[in-house]
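Structure first, then comments.
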Amino acid sequence: KCSDRGASFVDTFARTEPPDTQVTKSLISLLRYYNWKRFQILYEAHWGPVAMTLKEQAQQNNMTVNPLRLITNSHDCCENNLACCQNGYWYQIIQETRNITRIYVFLGDKLLLIEMMNTMHALQMFDEGEYMVITVDMQTYSVNEASKYLWIPKTLEKNGSTCQDTEKEFLKRGRSLLVVVSSPPNETLYREFTNRVAEYNKKDPFRFGLPSILGGFHKHVSIYAAYLYDAVMLYATALDKILQKYDNPTEDDIRSVVENGSHIIKQLKNYTFSSITGALMKLDHNADSEGNFSVASLKERKYISPYNFTCDYMIVPEYKPDCPPNWKTDSNSECHIEWPGGRKPDYEPSCGFNHEKCQSDSQQNSIVAAVTLAVLLFCAAVITLSIYRKWKIEQEIEGLLWKIDPNDLHGYFSNDIVSSPKSRCGNQVFAATGQYKGVMVRIKELKFSKKKDIARDIMKEMRVLRDIRHDNINSFIGACLEPMRVLVITDYCAKGSLYDIVENEDIKLDTMFMASLVHDLIKGMMHIHGSALGMHGNLKSSNCVVTSRWVLQITDFGLHELRHCAESDSIGEHHCITDLLWKAPELLRDLHGTPYGSQKADVYAFAVILYEIIGRKGPFGITQYEPKEIIEKVRDPKPGMEPFRPDVEMLRDLNVDCPDYILSCMQDCWAENPDLRPEFAVIRSRLKKMKEGMHRNIMDHMMHMMEKYADNLEDLVNERTRLLFEEKQKTEDLLNRMLPAPVAQQLTKGIGVEPESFDLVTIYFSDIVGFTAMSAESTPLQVVNFLNDLYTLF
């Protein structure tokens, strides 16, 4: 066997038997597979190249290798009377390394391995299944030699002994060992091959047959025969590949090819072939075989040695590493390792070997850390402020302050959608929410059937929307632009939309609430009409939202072109018809001409919302008509008849508090002629009476109601406290009547009664003659009264 590392760099040399250093790829795969990132290498001198190669590859895979420990063969030392022959050799090595590793990689003689394992077992390192030993065997795995990893030869020579007799807890030791061993050949294929080799050995020119006296025996065929066979086949394959390039190779061509060894070896580099052993082999970039290795561990298998040493367990292969980095499962194995502690050992304790991962900082360290953190935060704040100011200036120049990065939106999923209760009109309002810079926001999605280009006018309008600020305007934060949709981001209002509140009969709206909501709506519309937008264009109750402080805010204004395109593409027919209930008749007649509305159309929508707030029965109250029929009646009034509007008589039938000045204003606002509809400033003046004698805002009204409730609750608490005190007095009186006063006082205070002893006591014995017969003839109450009268005489 040529295992010299320098041979790998000879360009006329190839190996079908893997050099020892090739096993390191399988070791790395094993360590990576089980996430063992730190380990200790113990090696004998002749394993030095393998140890160094393993360390280099481990560092390339971001693993930590403890300082390598060179071990000496104590048997050789003692035979040659050297200084290294000493007791406790392994004890010293294990004690020096046990606190810096949990995984040992042993590269050395099997007798030394057994000594090391016995020492670790004696130190109880295998009891909890925390340590694991990995060793390497370059020899092909053989069932007949599987005992060499656990028992020394003299143990096996004891006729009739068992593994339980030699060591009762050998399972802990055996299950703490993994062996990376050269995989055994395929039994069927290899038997056929060895039979053919034995047959040819008997023929000329070899004539290596056994003498006739040994005719009943079979000569063992070494695994090297397979390596030699693979080498010849690879050589022939390489020659064939080269000669295939010649159309008609001459004898000189063949001679030149055969004499060019480096060219032949070049054909074999990085070449994969099927070995006669049945394994798939690969030659690396140096034409060295990478071998085929398996991981063997202790399994429940019957083992009988030639000396009748028996055991129910033996080391058998488990896996085949495909190096690096994946694994191939051996289909002939159960692919399961029985760990000594019931689970895979960790490569280090959870708190680290020196508890560095669980140590608590001292007070001084905490102060230093806090000061350092404060300085870093201050510097970060200064830098952030500087960057923000620069960014804001740049955004002001580009006019893109309204544009929002999709990565800044969090929590925007389909299950975030919250719907309003089912309305009488069949309509539902959806409000999607998300997180933007740590604040809850409302997200309205405008979908398009094809890619939508955002015009410059729309961008300018978004900047205008962002600049509009008012207490009764739902602030426009920005928009997120995507090819097939636009996400409009506004402030989130916890109470939902006005549509939700009006439709929810569990929410009681008194006159003060209604007045506050109406006046908030008027103030918001006055601000919109006085802004650069000039109008809302899509005013309805679902576009009026209410904050947690019960302040009404108007939303979904502006961006008419985007909203119109999105609605045309994605909203159903029924939804579209329902949304038209708030549209002014002139817009219904000219939907394709002026789809964006007008100020007078906003006034009409306000009148319908006012009716909706007061009646709380939908935008057109209780009606027999479907939304589509209502739209047709509003759009096309019959000549000579009053235009179709919500039924104001229904408000009187419902006993709703609706003064005449409100009805008059409402009817003027939904007048058929737009020019006759009042401005919002006039509306505000006409409805000013709604808030006369009431608190300045709705929150003051709610606080007044809470104060009244608190006063009533305080009286109720005082009454309950008085009743509790009376019951306590009754309980104490009962205790004083049933028990002696000192005992009752102790129990009242919640203190246990301590037993007392007396030096002199008087014991009174009483015997009532004929008491049994008298008790049989008397009732229980008579017996009690008799005893009470009798003993009160003494």
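Everything in the sequence shown is counted per full-length UniProt numbering, starting at 1 for the first residue and increasing by one.
We put the CB at the ideal spot given by N, CA and C, even for glycine.
Everything numeric in this text was worked out from a predicted model, so none of it was measured.
Just to confirm, is the Cβ distance from residue i to residue j under 8 Å?
i      : j      : result
Leu239 : Ile276 : no
Val783 : Ser775 : yes
Leu42  : Gly174 : no
Pro345 : Met125 : no
Ile404 : Cys493 : no
Asn66  : Thr24  : no
Leu610 : Met526 : no
Phe606 : Leu581 : no
Ser294 : Val375 : no
Ile577 : Val502 : no
Leu268 : Ala7   : no
Ile103 : Ile134 : yes
Gly108 : Glu44  : yes
Leu552 : Asn472 : yes
If you compare alpha carbons, which of the options is closest to residue i?
i      : options                        : result
Leu31  : Asn61, Asp11, Asn186, Val769   : Asn61
Leu559 : Val486, Ile473, Thr237, Glu642 : Val486
Gly478 : Arg469, Glu692, Leu465         : Leu465
Thr511 : Phe557, Leu713, Arg652, Lys691 : Lys691
Gly261 : Ile242, Thr250, Val105         : Ile242
Leu123 : Cys665, Thr140, Asn99          : Asn99
Tyr229 : Glu187, Ser26, Glu17, Val180   : Glu17
Leu687 : Ile662, Asp733, Leu713         : Ile662
Val518 : Pro627, Leu498, Lys437         : Leu498
Asp590 : Pro340, Val634, Thr547         : Val634
Val10  : Asp20, Ser183, Asn286          : Asn286
Arg442 : Ser449, Thr433, Arg463         : Thr433
Ser176 : Ser685, Trp402, Pro340         : Pro340
Ile337 : Ala296, Ser598, Ile304         : Ala296
Met314 : Tyr412, Cys163, Asn365         : Cys163
Tyr227 : Ile489, Ala532, Leu735, Thr140 : Thr140
Once you ignore the five residues that flank residue i on each side, which residues in its own chain have a CB closer than 8 Å to its CB?
i      : result
Thr272 : Leu280, Met281, Lys282, Leu283
Ile458 : Leu559, Glu561, Leu562
Ile254 : Leu243
Pro249 : Leu243, Val257
Let me check one thing: in DSSP terms, what residues is residue i bridge-paired to?
i           : result
Glu482      : Arg485
Pro317      : Ala296
Gln435      : His410, Met440
Asp715      : Its beta-bridge partners do not exist; DSSP assigns none.
Cys544      : Ile554
residue 799 : Only positions 1 to 794 of the chain appear in this structure, which leaves residue 799 out of reach.
Gln40       : Tyr104
Cys311      : Tyr303
Leu280      : Ser274
Leu70       : Tyr43
Ile134      : Val105, Leu178
Phe476      : Thr490
Lys403      : Ala479
Val65       : Phe39
Thr140      : Ser182
Could you pull out every residue in the same chain whose Cβ sits closer than 7 Å to the Cβ of residue i, ignoring the five residues on either side in sequence?
i      : result
Thr119 : Trp90, Tyr91, Ile94
Cys85  : Ser74, Cys77, Cys78
Thr12  : Gly261, Ser262, Ile265
In angstroms with no decimal places, state the Cα-to-Cα distance between residue i and residue j.
i      : j      : result
Asp322 : Leu178 : Its pLDDT being 46, under 50, Asp322 is placed unreliably in this model, and the coordinates cannot settle the point.
Ser222 : Pro349 : 45 Å
Thr310 : Thr72  : 32 Å
Thr792 : Glu727 : 31 Å
His747 : Val753 : Note on residue identity: the sequence assigns Leu, not His, to residue 747. If I take the Cα positions, the gap works out to 7 Å.
Pro643 : Cys658 : 22 Å
Ser414 : Ala455 : In this predicted model, Ser414 has a pLDDT of only 48, less than 50, meaning its place in the structure is not dependable; the value taken from the coordinates is given anyway. Each residue's alpha carbon lies about 29 Å from the other.
Lys447 : Met535 : 24 Å
Lys452 : Met650 : 46 Å
Ala773 : Ile763 : 26 Å
Asn788 : Asp715 : 48 Å
Ile304 : Tyr246 : 58 Å
Asp491 : Met484 : 23 Å
Met440 : Asp647 : 40 Å
Cutting at 6 Å between CB atoms, please list the residues of its own chain near residue i, excluding the five before and the five after it.
i      : result
Lys600 : Pro674, Arg677
Val603 : Cys669, Arg677
Gln22  : Glu290, Gly291
Arg469 : none
Within 8 Å of any Cβ in chain C, is that where the Cβ of residue i sits?
i      : result
Leu663 : Reference to chain C is not applicable here, since this structure consists of a single protein chain.
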